[in-house]
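> Structure below; questions to follow.
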Amino acid sequence: MVAMIRLSVPGTLRYRPIAVRTVAEAARLVSGSSPRDPKNPTIDPLALDIRHPFDTAVVSAFMEIFNNIAIHAYQRKGGGTIDIEITPSPDEIVIEVKDNGRPFDMGNVVALPDELDEESLPEGGMGIHIAKTMLDEMTYAPGPPNLWRLCKRLPAPQVAVGRS
Amino acid sequence: MVAMIRLSVPGTLRYRPIAVRTVAEAARLVSGSSPRDPKNPTIDPLALDIRHPFDTAVVSAFMEIFNNIAIHAYQRKGGGTIDIEITPSPDEIVIEVKDNGRPFDMGNVVALPDELDEESLPEGGMGIHIAKTMLDEMTYAPGPPNLWRLCKRLPAPQVAVGRS
Amino acid sequence: MAAPFDVQRTGDETKLMVRGSLDINSAPALADEIDKIIATKPAKVTVDLSALDLIDSSGVAALVKLYKGARGGGGAITITGARDQPLAIFKLLRMDKVFNL
Amino acid sequence: MAAPFDVQRTGDETKLMVRGSLDINSAPALADEIDKIIATKPAKVTVDLSALDLIDSSGVAALVKLYKGARGGGGAITITGARDQPLAIFKLLRMDKVFNL
Ligand SMILES: Nc1ncnc2c1ncn2[C@@H]1O[C@H](COP(=O)(O)OP(=O)(O)O)[C@@H](O)[C@H]1O
Ligand SMILES: Nc1ncnc2c1ncn2[C@@H]1O[C@H](COP(=O)(O)OP(=O)(O)O)[C@@H](O)[C@H]1O
Numbered sequence: 105m106v107a108m109i110r111l112s113v114p115g116t117l118r119y120r121p122i123a124v125r126t127v128a129e130a131a132r133l134v135s136g137s138s139p140r141d142p143k144n145p146t147i148d149p150l151a152l153d154i155r156h157p158f159d160t161a162v163v164s165a166f167m168e169i170f171n172n173i174a175i176h177a178y179q180r181k182g183g184g185t186i187d188i189e190i191t192p193s194p195d196e197i198v199i200e201v202k203d204n205g206r207p208f209d210m211g212n213v214v215a216l217p218d219e220l221d222e223e224s225l226p227e228g229g230m231g232i233h234i235a236k237t238m239l240d241e242m243t244y245a246p247g248p249p250n251l252w253r254l255c256k257r258l259p260a261p262q263v264a265v266g267r268s
Numbered sequence: 105m106v107a108m109i110r111l112s113v114p115g116t117l118r119y120r121p122i123a124v125r126t127v128a129e130a131a132r133l134v135s136g137s138s139p140r141d142p143k144n145p146t147i148d149p150l151a152l153d154i155r156h157p158f159d160t161a162v163v164s165a166f167m168e169i170f171n172n173i174a175i176h177a178y179q180r181k182g183g184g185t186i187d188i189e190i191t192p193s194p195d196e197i198v199i200e201v202k203d204n205g206r207p208f209d210m211g212n213v214v215a216l217p218d219e220l221d222e223e224s225l226p227e228g229g230m231g232i233h234i235a236k237t238m239l240d241e242m243t244y245a246p247g248p249p250n251l252w253r254l255c256k257r258l259p260a261p262q263v264a265v266g267r268s
Numbered sequence: 043m044a045a046p047f048d049v050q051r052t053g054d055e056t057k058l059m060v061r062g063s064l065d066i067n068s069a070p071a072l073a074d075e076i077d078k079i080i081a082t083k084p085a086k087v088t089v090d091l092s093a094l095d096l097i098d099s100s101g102v103a104a105l106v107k108l109y110k111g112a113r114g115g116g117g118a119i120t121i122t123g124a125r126d127q128p129l130a131i132f133k134l135l136r137m138d139k140v141f142n143l
Numbered sequence: 043m044a045a046p047f048d049v050q051r052t053g054d055e056t057k058l059m060v061r062g063s064l065d066i067n068s069a070p071a072l073a074d075e076i077d078k079i080i081a082t083k084p085a086k087v088t089v090d091l092s093a094l095d096l097i098d099s100s101g102v103a104a105l106v107k108l109y110k111g112a113r114g115g116g117g118a119i120t121i122t123g124a125r126d127q128p129l130a131i132f133k134l135l136r137m138d139k140v141f142n143l
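Below you can see the structure in the form of structure tokens.
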């Protein structure tokens, strides 16, 4: 049985903390940075600890996608839901995000400047770049419903070989 | 438009932190202990702060109901989902929890002893009592699906009258 | 990343510090530790709950077990520092009187 | 319950401390504060990110605005203490070099 987590919230920034927390917890189920074994709890369940690089990547990407849906697709006016389906498995997490707001053409998103110096420091247009770079796969199918599919794989455990 | 939050997780304790976090955030939307106004954020969004009495009550009750479903209804074996519908409104929160595990007769739940002393300190059977006492309304309709309905109202704001 | 509890033994006193959330997922490990504590028949047990943020009925059950076990072995037990949600739970269960919180 | 940022002015130095999560919900308030800071044309701005746990692109945008504003006004700006997720974001955006993190 594939264990799936489904969350549906109104499409406004007010519900962002709920969605981010849910995704963070789900990421931790995969990265193992949350206590899998009830007999051996190792972290404070009240702190949203996403210091594990896997959790960092998943949460960073998801935050941008959620922001964009609330701001651009629903234009800060809500009026629809954001439906999130999370499939945590032992070595990856897949997050599908669905909204009924305005679609857009991802091909038109301007890339960040190649060379970054003081002058070219961007004050916007970083979200898609952050999400894409943090993930292993990111696809967007315009609708409505618009469908995002985010995938992040856990690197295979490093096995120490030989002496150090 | 009634804003509703829907969460569905596999019916095991592994998914408890996700559900508890979601309910805590939703409670904070009602109690106002989370920043409603983006211009005036007052708390660290990373800490699961449920010190507001309303949040305390809602989270305490929900934790017991979730535990019981995973342990008693699904008998720690999962095999079904726990579906949670949260309706936060300005003055109350309603949480409906649905599972497809074993139903039970709440009339058979033994009450806690009236007088509590060292001898009679209970080592179990506290969950339903905690949930019921923390909430304003709690109903259970055996199924399957079994349906819990939890309701907690926010006390009307105290208005200071006269001089102190 | 701190463990949700730790135990310090000094002479015939055992100090137990519980942190974060004591719940159905963390209580079983504490219950094991409590069995060990009780087995030593400590003269004095102090439980510090000042860093405990959240408790559920399984967490309460673990603490009751420690309370009964320590007293049953002839020892004294003091529970200190309960606050916020855990204190609300102890009050609701009218254990604040028994535990002298 | 701490505010996600606070500002200290001493002489011609302005210290900004950012805490918790700097995101689309908290960045607008910081952006307002940043406008005020830039308006004073401070000679030296220090941004302490050691208590910052989480940032998103709107948080980054607010800090870039402060960086440019302070330099544009002829001041010096130092950003210190970035760690964990915020540091990962700055590195991904290759801002760690520019910001000298
Ligand atoms: N979910 C979305 N729905 C509609 N338009 C979007 C969406 N996400 C991104 N966009 C468009 O792509 C642009 C780039 O997005 P992004 O890189 O996140 O930067 P920013 O949001 O700061 O502009 C946005 O300005 C917007 O026009
Ligand atoms: N969701 C549920 N499904 C089936 N049985 C339940 C459920 N919740 C409670 N029960 C029954 O009611 C009893 C009392 O529950 P509770 O007061 O939470 O104490 P405890 O779980 O510690 O026994 C349980 O032992 C169980 O038999």
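Protein chains in written order, with the numbering used here: chain S, 105 to 268; chain W, 105 to 268; chain F, 43 to 143; chain E, 43 to 143.
Ideal placement from N, C-alpha and C gives every residue a C-beta, glycine not left out.
#1: Quick check on the contact list: which residues have their beta carbon closer than 5 angstroms to a heavy atom of ligand 2?
#2: With a threshold of 8 angstroms between beta carbons, is residue 130 of chain F in contact with chain W?
#3: Measuring only the C-alpha atoms, how far is residue 73 of chain F from residue 121 of chain S?
#4: What are the start and end residues of the alpha helix (DSSP H) that includes residue 75 of chain F?
#5: What three-state label does DSSP hand residue 208 of chain W in the structure shown?
#6: Look at residue 274 of chain W and residue 215 of chain W and say whether their C-beta atoms are less than 8 angstroms apart.
#7: Measuring straight from C-alpha to C-alpha, what distance separates residue 89 of chain E and residue 230 of chain S?
#8: So that I know if they touch, is there some Cβ in chain W lying closer than 8 angstroms to that of residue 118 of chain S?
#9: For the stretch 203 to 210 of chain S against the stretch 173 to 189 of chain S, are there 3 or more C-beta pairs whose distance is under 8 angstroms?
#10: Taking only three categories from DSSP, how would you classify residue 107 of chain F?
#11: Give the DSSP-derived three-state secondary structure of residue 107 of chain W in the structure shown.
#12: So, for residue 149 of chain W: in the same chain, excluding its five sequence neighbours on each side, which residues have a beta-carbon less than 6 angstroms away from its beta-carbon?
#13: Which first and last residues belong to the alpha helix (DSSP H) in which residue 128 of chain E is found?
#14: Spatial neighbours of residue 225 of chain W within its chain, please: C-beta separation below 7 angstroms, excluding the five flanking residues on both sides.
#15: Count Cβ pairs between the stretch 123 to 135 of chain F and the stretch 58 to 68 of chain E that sit closer than 8 angstroms; are there 3 or more?
#16: Quick check on the DSSP output: the alpha helix (DSSP H) that includes residue 115 of chain W runs from which residue to which?
#17: Give me, in chain order, the residues of the same chain whose beta-carbon lies closer than 8 angstroms to that of residue 127 of chain S; leave out the 5 immediate sequence neighbours on both sides.
#18: In this structure, how does DSSP classify residue 55 of chain E when only helix, strand and coil are distinguished?
#19: Taking the Cβ atom as the reference point for each residue, do residue 114 of chain W and residue 160 of chain W lie within a distance shorter than 8 angstroms?
#20: Using a 10 Å radius around the Cβ and a threshold of 16 neighbouring Cβ atoms, would you call residue 51 of chain E buried or exposed?
#21: Checking the sheet assignment: what are the DSSP bridge partners for residue 93 of chain F?
#22: Where does residue 253 of chain W sit, in a helix, a strand or coil, going by DSSP?
#23: On the DSSP bridge list, what partners appear for residue 192 of chain W?
#24: Anyone know if the C-beta pair for residue 124 of chain E and residue 91 of chain E falls short of 8 angstroms?
#25: With which residues is residue 179 of chain S paired in a DSSP beta bridge?
#26: For a contact meaning CB atoms closer than 7 angstroms, what does residue 221 of chain W contact in chain F?
#27: Residue 69 of chain F and residue 104 of chain F: beta carbons closer than 8 angstroms?
#28: For residue 108 of chain F, which residues in the same chain have their Cβ closer than 6 angstroms to its Cβ, ignoring the five residues on either side in sequence?
#29: Compare the C-alpha of residue 56 of chain E against each of E:93, E:102, E:128, E:121 and name the closest.
#30: Please list, in chain order, all residues of the same chain as residue 143 of chain S whose beta carbon is under 8 angstroms from its beta carbon, the five residues on each side excluded.
#31: When DSSP builds the beta bridges, which residues end up paired with residue 119 of chain E?
#32: When you compare the CB of residue 136 of chain F with every CB in chain W, is at least one pair closer than 8 angstroms?
#33: I want to check one thing, is the minimum distance from the CB of residue 99 of chain E to the heavy atoms of ligand 1 below 7 angstroms?
#34: From residue 49 of chain E to residue 135 of chain W, what distance separates their C-alpha atoms?
#35: At a cut-off of 7 angstroms, is residue 200 of chain S close to ligand 1 when judged by its beta-carbon and the heavy atoms of the ligand?
#36: Is residue 140 of chain F helix, strand or coil when you go by DSSP?
This is what the structure holds:
#1: W:172, W:173, W:176, W:177, W:208, W:213, W:228, W:229, W:231, W:232
#2: yes
#3: 34 angstroms
#4: 69 to 81
#5: coil
#6: This structure cannot speak to residue 274 of chain W, because chain W is shown only from 105 to 268.
#7: 21 angstroms
#8: yes
#9: yes
#10: helix
#11: coil
#12: Confidence in residue 149 of chain W is poor, its pLDDT being 46 and thus under 50, which makes the residue's placement unreliable; the coordinate value appears in the next sentence. Taken in chain order, the list of residues that qualify is empty.
#13: 126 to 134
#14: none
#15: no
#16: First-last for residue 115 of chain W: undefined, no H or E at that position.
#17: 162, 163, 166, 188, 190, 199
#18: strand
#19: no
#20: exposed
#21: F:61
#22: strand
#23: W:197
#24: yes
#25: Answer by DSSP bridge pairing: none, since residue 179 of chain S is not bridged.
#26: 140
#27: yes
#28: 76
#29: E:121
#30: Unreliable positioning characterises residue 143 of chain S in this predicted model, as indicated by a pLDDT of 41, which lies under 50. The coordinate reading is nonetheless provided below. So no residue of the chain qualifies.
#31: E:87
#32: yes
#33: yes
#34: 29 angstroms
#35: no
#36: helix
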